[in-house]
Amino acid sequence: MKPTHAAIAEAISGFGMDTITLAGPLEAKLAAMKAAGFSQVMLKANDINGHPGGIEAAVAAVKASGLRGTGFQVLRDFEGLSGHLHHYKIDIAKAMLEMCAALDCKVLLACSSTSAHATQDLDHLARDLRKLAMLALPLGIKIAYEGLSWGRTVNEFTTAWDVVCRADCPNLGIGLDSFHIFAAKTALDEIDYLDPSKIFLVQLSDFMWQEAKTFEERMATARTFRVFPGEGVHSEQIVDLVLRLDKLGYAGDYSFEVFNDDYQQMPLPMVAERGKRAALWLAEDVLRRSVPLPNQMRLKLRDR
Numbered sequence: 001m002k003p004t005h006a007a008i009a010e011a012i013s014g015f016g017m018d019t020i021t022l023a024g025p026l027e028a029k030l031a032a033m034k035a036a037g038f039s040q041v042m043l044k045a046n047d048i049n050g051h052p053g054g055i056e057a058a059v060a061a062v063k064a065s066g067l068r069g070t071g072f073q074v075l076r077d078f079e080g081l082s083g084h085l086h087h088y089k090i091d092i093a094k095a096m097l098e099m100c101a102a103l104d105c106k107v108l109l110a111c112s113s114t115s116a117h118a119t120q121d122l123d124h125l126a127r128d129l130r131k132l133a134m135l136a137l138p139l140g141i142k143i144a145y146e147g148l149s150w151g152r153t154v155n156e157f158t159t160a161w162d163v164v165c166r167a168d169c170p171n172l173g174i175g176l177d178s179f180h181i182f183a184a185k186t187a188l189d190e191i192d193y194l195d196p197s198k199i200f201l202v203q204l205s206d207f208m209w210q211e212a213k214t215f216e217e218r219m220a221t222a223r224t225f226r227v228f229p230g231e232g233v234h235s236e237q238i239v240d241l242v243l244r245l246d247k248l249g250y251a252g253d254y255s256f257e258v259f260n261d262d263y264q265q266m267p268l269p270m271v272a273e274r275g276k277r278a279a280l281w282l283a284e285d286v287l288r289r290s291v292p293l294p295n296q297m298r299l300k301l302r303d304r
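Residues 1 to 304 (full-length UniProt numbering) make up the sequence shown, in order.
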């Protein structure tokens, strides 16, 4: 018996895809995700600003799709600046927050700074992030602060968590990205020290080699050759990660943050199908969130 579209959609309701994974116009990306059974989408500013009909048309397309916005990305190099650079970034942040609100997204992703002009003082970083969170508060938006694995000062989620705790703002939390955790080789035991109510977003992806030793290699891999969970060599770590989060009490969204140049050359339905397969594997075989669907191909952990 072939599973119905409704059964698949229910099984993967906690998972979404990112528009960066798919090629083509925004409407086609949204339609491919919807057809695969996804109910949410992580939106990127380029998709909105680059729409031929303008921002209003892009917002209308997202709302017409019926997909919920998992979040909006990405605010870069915001924290740690001073003087005119700080004021410039405040203006950028306000524009990002306005777009986020227009799309009814409740989370704005902010990545840790890579700027050589930013201070390395953690208290200064925390003050700036608190200011960002206060700007977001009237709009009902949460800020998910993510440690890039090539960040100048904050390049592991443990340090990002330290900064978030220093800022101590109700709508400022952490964003976790499996790629950056694995690339930086952060011990997964550290997940156990997080407050699940302050984890605002979890992004999942894998990659094809065990190590990305330099910042340059991490950037190149992250931006061109990530794969879906279960397709790379870190499947066991992804299982460990999501099970730890589940045990911790995390009940939020998982989004597939998959930058891949090859996927950009493939038909949208084929890529969305790969995403659906990864979501079903995680939801059913790993998290055991529903009764397994009949005749559904599973991804298996590779022998190491």
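Just so it is clear, CB atoms sit at the ideal spot from N, CA and C, and this is done for glycine as well.
Q | Residue range of the unbroken alpha helix (DSSP H) whose run includes Leu67 | A | Taking the sequence shown and counting its residues from 1, one reaches residue 67 at position 67. Leu67 -> no alpha helix (DSSP H), and no H or E assigned at all.
Q. Can you tell me whether DSSP reads Tyr254 as helix, strand or coil?
A. Taking the first residue of the sequence shown as 1, we reach residue 254 at position 254. Note: Tyr254 maps to strand in three-state DSSP.
Q: Look up Asn46 in the DSSP assignment and say whether it is helix, strand or coil.
A: Position 46 of the sequence shown, counting from 1, holds the residue named residue 46. The answer is helix: DSSP assigns Asn46 an H, G or I state.
Q) What residue does the beta strand (DSSP E) around Gln237 start on, and which one ends it? A) As a working note, residue 237 is residue 237 in the sequence shown. Here Gln237 belongs to no beta strand (DSSP E); instead the alpha helix (DSSP H) covers 235 to 248.
**Q.** Segment contact flag, the stretch 78 to 86 with the stretch 40 to 57, C-beta cutoff 8 Å, min 3 pairs
**A.** no
Q. Since Tyr88 is in the alpha helix (DSSP H), which residue starts that stretch and which ends it?
A. For this step, residue 88 is matched to residue 88 along the sequence shown. Per DSSP, Tyr88 belongs to the alpha helix (DSSP H) from 83 to 102.
Q: Specify whether the stretch 99 to 108 and the stretch 24 to 41 touch according to this definition: at least 3 beta carbon pairs, one from each stretch, less than 8 Å apart.
A: no
Q: Would you check if there are 3 or more beta carbon pairs closer than 8 Å linking the stretch 136 to 154 to the stretch 108 to 124?
A: yes
Q: Label His180 either buried or exposed according to how many other C-beta atoms from any shown protein chain fall within 10 Å of its C-beta, with 16 as the threshold for buried.
A: As a position in the sequence shown, residue 180 is number 180, starting the count at 1. By the 10 Å Cβ count, His180 comes out buried.
(Q) With the cut-off set at 8 Å, would you say Phe207 and Asp261 are in Cβ contact? (A) Within the sequence shown, residue 207 is the residue found at index 207, counting from 1. Within the sequence shown, residue 261 is the residue found at index 261, counting from 1. Not in contact: Phe207 and Asp261 (Cβ atoms no closer than 8 Å).
Q: Answer with buried or exposed for Asp18, where buried requires no fewer than 16 other C-beta atoms within 10 angstroms of its C-beta.
A: Looking up residue 18 in the sequence shown gives position 18. Buried, by the Cβ-count rule.
Q) Can you check whether the CB of Lys106 is closer than 8 Å to the CB of Lys131? A) Translated into positions along the sequence shown, residue 131 becomes position 131. Translated into positions along the sequence shown, residue 106 becomes position 106. Not closer than 8 Å, so no.
(Q) Do Leu109 and Val163 have their beta-carbon atoms positioned less than 8 Å apart in this structure? (A) Counting from 1 along the sequence shown, the entry for residue 163 is found at position 163. Counting from 1 along the sequence shown, the entry for residue 109 is found at position 109. No; because the gap between Cβ atoms is not below 8 Å, this pair is not in contact.
Q: Note down the Cα distance separating Met266 from Leu30, rounded to an integer number of angstroms.
A: Position 266 of the sequence shown, counted from the first residue, corresponds to residue 266. Position 30 of the sequence shown, counted from the first residue, corresponds to residue 30. Answer to the nearest angstrom: the Cα atoms are 16 Å apart.
**Q.** Coarse secondary structure for Phe157, derived from DSSP in three states
**A.** Here the question's residue 157 lines up with position 157 in the sequence shown. Here Phe157 sits in helix by DSSP.
Q. Are Gly175 and Phe200 close, meaning C-beta to C-beta below 8 Å?
A. To locate residue 175, count along the sequence shown from 1; it is residue 175. To locate residue 200, count along the sequence shown from 1; it is residue 200. It is a contact, given that the beta carbons lie within the stated cut-off.
Q: Using the DSSP secondary-structure output, state which residues sit across from Glu146 in a beta bridge.
A: Locating residue 146 in the sequence shown gives position 146, counting from the first residue. Paired residue(s): Cys111, Gly175.
**Q.** CB-CB length for Leu188 against Asp240, believed under 8 Å
**A.** Residue 188 sits at position 188 when you count from the first residue of the sequence shown. Residue 240 sits at position 240 when you count from the first residue of the sequence shown. Sure, about 5 Å apart at Cβ, within 8 Å.
Q: Can you give me the start and stop residues for the alpha helix (DSSP H) that Val227 sits inside?
A: One-based indexing of the sequence shown puts residue 227 at position 227. Unbroken run through Val227: none, as it is neither H nor E.
Q. Closer than 7 Å: is that where the CB of Ile92 sits relative to any heavy atom of the ligand ZN?
A. As presented, the structure is devoid of all ligands, the ligand ZN included, so that no description of it is given.
Q. Taking C-alpha atoms, which residue in Phe157, Pro25, Gln210 lies nearest to Glu190?
A. To locate residue 190, count along the sequence shown from 1; it is residue 190. Ranking Phe157, Pro25, Gln210 by Cα distance to Glu190 puts Phe157 first.
Q) Leu287 to Arg127, Cα distance in whole Å? A) The sequence position of residue 287 within the sequence shown is 287, counting from 1. The sequence position of residue 127 within the sequence shown is 127, counting from 1. Between Leu287 and Arg127, the C-alpha separation is close to 37 Å.
Q | Assumed close pair Leu248, Pro170 - CB separation to whole angstroms, cut-off 8 Å | A | Within the sequence shown, residue 248 is the residue found at index 248, counting from 1. Within the sequence shown, residue 170 is the residue found at index 170, counting from 1. Not a contact, Cβ separation roughly 19 Å.
Q) Is DSSP giving Met17 helix, strand or coil here? A) Locating residue 17 in the sequence shown gives position 17, where the first residue counts as 1. If DSSP states are grouped into helix, strand and coil, Met17 belongs with the strands.
**Q.** Cβ-based neighbour list, Asp303, same chain, cut-off 6 Å, excluding 5 preceding and 5 following
**A.** To locate residue 303, count along the sequence shown from 1; it is residue 303. Note that Asp303 scores 37 on pLDDT, short of 50, meaning its location in the model is unreliable and no value can be drawn from it.
Q | Identity of the residues DSSP links to Leu75 by a beta bridge | A | Looking up residue 75 in the sequence shown gives position 75. Paired residues: Ala110.
Q | DSSP beta-bridge partners of Gln203 | A | Your numbering for residue 203 matches position 203 in the sequence shown. Answer is Asp177, Ser255.
Q. Taking the alpha-carbon positions, what's the Leu148 to Ala7 distance?
A. Along the sequence shown, read from residue 1 onward, the residue named residue 148 stands at position 148. Along the sequence shown, read from residue 1 onward, the residue named residue 7 stands at position 7. Going by the C-alpha atoms only, they are around 36 Å apart.
Q. How should Trp161 be labelled, buried or exposed, when 16 other C-beta atoms within 10 angstroms of its C-beta is the threshold for buried?
A. The residue given as residue 161 occupies position 161 in the sequence shown. Per the 10 Å Cβ criterion, buried.
Q: Buried or exposed for Trp209, please, with buried defined as at least 16 other CB atoms from any protein chain shown within 10 angstroms of its CB.
A: Counted from its first residue, the sequence shown places residue 209 at position 209. Label assigned to Trp209: exposed.
**Q.** Check whether Lys89 and Phe78 have beta carbons under 8 Å apart
**A.** On the sequence shown, residue 89 is found 89 positions in, with the first residue counted as 1. On the sequence shown, residue 78 is found 78 positions in, with the first residue counted as 1. Yes.
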